[in-house]
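S.K.: Okay, here's the structure, questions in a sec.
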Amino acid sequence: MTSSGNQAFWVTAPGQGELRPATLGWPDGAGAEIVTVRTLYSGISRGTESLVFNNRVPPGEYHRMRAPFQEGQFPFPVKYGYANVGEVQGGPEHLMGKRVFCLYPHQRHYRVPSSAVTILPDDLPPERAILAANMETAINGLWDAEPAVGDRVAVVGLGVVGLLVAWLVKQIPGTQLLAVDTNESRADIAKALGLPFTTEASARDCDLVIHASGRSEGLSSALSMAGPEARIVELSWYGNEPVRVPLGHAFHPNRLELKSSQVGQIPPRRQPRWSYARRLELALQLLRAPELDHLISGESRFEELPAVASTLLSPAGDALCHRITYS
Numbered sequence: 053m054t055s056s057g058n059q060a061f062w063v064t065a066p067g068q069g070e071l072r073p074a075t076l077g078w079p080d081g082a083g084a085e086i087v088t089v090r091t092l093y094s095g096i097s098r099g100t101e102s103l104v105f106n107n108r109v110p111p112g113e114y115h116r117m118r119a120p121f122q123e124g125q126f127p128f129p130v131k132y133g134y135a136n137v138g139e140v141q142g143g144p145e146h147l148m149g150k151r152v153f154c155l156y157p158h159q160r161h162y163r164v165p166s167s168a169v170t171i172l173p174d175d176l177p178p179e180r181a182i183l184a185a186n187m188e189t190a191i192n193g194l195w196d197a198e199p200a201v202g203d204r205v206a207v208v209g210l211g212v213v214g215l216l217v218a219w220l221v222k223q224i225p226g227t228q229l230l231a232v233d234t235n236e237s238r239a240d241i242a243k244a245l246g247l248p249f250t251t252e253a254s255a256r257d258c259d260l261v262i263h264a265s266g267r268s269e270g271l272s273s274a275l276s277m278a279g280p281e282a283r284i285v286e287l288s289w290y291g292n293e294p295v296r297v298p299l300g301h302a303f304h305p306n307r308l309e310l311k312s313s314q315v316g317q318i319p320p321r322r323q324p325r326w327s328y329a330r331r332l333e334l335a336l337q338l339l340r341a342p343e344l345d346h347l348i349s350g351e352s353r354f355e356e357l358p359a360v361a362s363t364l365l366s367p368a369g370d371a372l373c374h375r376i377t378y379s
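Numbering of the sequence shown is given in this note's numbering, commencing with residue 53 and proceeding in unit increments.
Okay, structure coming up:
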């Protein structure tokens, strides 16, 4: 079923995208409780979407990289995205008019099962809720990292996920935190979030180092700051880019642990108690903090998205989360 004027953003070639006519999806009688949503905002961050936009997804990862409501096939053309905030305009009475978050691509109107949407807390502005997927990644990363009271912790790489991780760590009592990024422009954002900031990998003997820069040099810095028997948690995903790491230095003598973290799987020890829905509800509750607005570095209209994406998602881009408006 189509909706007059309905459009979605598709990545059509490396570094290129366009708006295409879109169906609503999930027709009446599909066998599930369906909601129709009008998008208010969607978010673009420079993580996974940049890899998709620039054709850096390895063929062996095409299946695991699929977004929940993706259309098309990797590498192109593909409708991709996972940070959508909208208003329910059709469906069960208890959801009508509710503001919701959904892991849906950039599209004006869509239909999904009601189980795919999560109602926003009353005191969470919908324009900030586009950070929910990034907050889920940060939560999952800290579940894997297991920071403890009083730990000396370094977070390397202050993109959206790195900043959220550092912001969460800061709230653990007694933690000695250092937020590290070679980009000096991150200093003001770190200050707004109350994070001790440096451009140098100056910490030593850390109990825990969390890496989120997406660069080999950042991972090398993370390794250099870890103390004996410490854990380094890797939150970056490099796509098809080779990674060079100096494991011939202190990695073996210090018996360091290098652990991957990926938001697609809840850590095994939490799976008996935590569902993806519960984790998303936690992410939305945490986003009520107003200082997190600093993570949204710009805003554009949906019709500008093809041109905006070419700049935002280029290898030289420096945006945090960019908000797309649909009014």
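No residue lacks a Cβ here, since even glycine has one placed at the ideal position from N, Cα and C.
Could you spell out where the alpha helix (DSSP H) holding Glu286 opens and where it closes?
M.R.: The residue you call residue 286 lines up with position 234 of the sequence shown. Segment 278-286 is the beta strand (DSSP E) holding Glu286; no alpha helix (DSSP H) there.
S.K.: Look at the Cβ atom of Ser288, then the Cβ atom of Gly369, and state whether they are nearer than 8 angstroms.
M.R.: Locating residue 288 in the sequence shown gives position 236, where the first residue counts as 1. Locating residue 369 in the sequence shown gives position 317, where the first residue counts as 1. No, the Cβ-Cβ distance between Ser288 and Gly369 is not below 8 angstroms.
S.K.: The beta strand (DSSP E) with Asp259 in it runs from where to where?
M.R.: As a first step, residue 259 must be located in the sequence shown, where it is residue number 207. It spans 258-263 - the beta strand (DSSP E) in which Asp259 sits, taken as one unbroken run.
S.K.: Would you mind reading off the limits of the beta strand (DSSP E) that contains Thr88?
M.R.: Indexing the sequence shown from 1 puts residue 88 at position 36. 86-96 is the extent of the beta strand (DSSP E) around Thr88.
S.K.: Can you tell me which of Leu365, Leu364, Ala371, Asp345 puts its alpha carbon nearest to the alpha carbon of Pro178?
M.R.: On the sequence shown, residue 178 is found 126 positions in, with the first residue counted as 1. Answer by Cα proximity: Asp345.
S.K.: Pairing CB atoms from the region 181-188 with CB atoms from the region 158-165, are three or more of them under 8 angstroms?
M.R.: no
S.K.: Using DSSP bridges, identify the partner residues of Asn106.
M.R.: Translated into positions along the sequence shown, residue 106 becomes position 54. Answer is none; Asn106 lacks a bridge partner.
S.K.: Does DSSP put His346 in a helix, a strand or coil?
M.R.: One-based indexing of the sequence shown puts residue 346 at position 294. It is helical.
S.K.: Around the C-beta of His374, are 16 or more other C-beta atoms found within 10 angstroms, so that it is buried, or is it exposed?
M.R.: Counted from its first residue, the sequence shown places residue 374 at position 322. Per the 10 Å Cβ criterion, buried.
S.K.: With the cut-off set at 8 angstroms, would you say Leu336 and Thr170 are in Cβ contact?
M.R.: One-based indexing of the sequence shown puts residue 336 at position 284. One-based indexing of the sequence shown puts residue 170 at position 118. Yes.
S.K.: Cutting at 6 angstroms between CB atoms, please list the residues of its own chain near Gln175, excluding the five before and the five after it.
M.R.: Taking the first residue of the sequence shown as 1, we reach residue 175 at position 123. The residue asked about is misnamed: residue 175 is Asp in this sequence, not Gln. Same-chain partners within the cutoff: Arg340.
S.K.: Tell me the rounded alpha-carbon separation between Arg90 and Ala302.
M.R.: Locating residue 90 in the sequence shown gives position 38, counting from the first residue. Locating residue 302 in the sequence shown gives position 250, counting from the first residue. Answer to the nearest angstrom: the Cα atoms are 53 angstroms apart.
S.K.: Return the CA-CA distance between Tyr114 and Thr251, expressed in angstroms with no decimal places.
M.R.: In the sequence shown, the residue the question calls residue 114 occupies position 62. In the sequence shown, the residue the question calls residue 251 occupies position 199. If you take the alpha carbons of Tyr114 and Thr251, they lie about 35 angstroms apart.
S.K.: Residues in its own chain within less than 6 angstroms of Arg238 by CB, not counting five upstream and five downstream?
M.R.: For the purposes of this step, residue 238 is taken as the residue at position 186 of the sequence shown. These residues qualify, in order along the chain: Leu210.
S.K.: At which residues does the alpha helix (DSSP H) containing Val217 begin and terminate?
M.R.: Taking the first residue of the sequence shown as 1, we reach residue 217 at position 165. First-last of the alpha helix (DSSP H) with Val217: 212-222.
S.K.: Cutting at 7 angstroms between CB atoms, please list the residues of its own chain near Ala84, excluding the five before and the five after it.
M.R.: Within the sequence shown, numbered from 1, the residue matching residue 84 stands at position 32. Cβ neighbours of Ala84 beyond the five flanking positions: Pro165.
S.K.: When you compare the region 294-301 with the region 271-281, are there three or more beta-carbon pairs, one atom per stretch, that lie closer than 8 angstroms?
M.R.: yes
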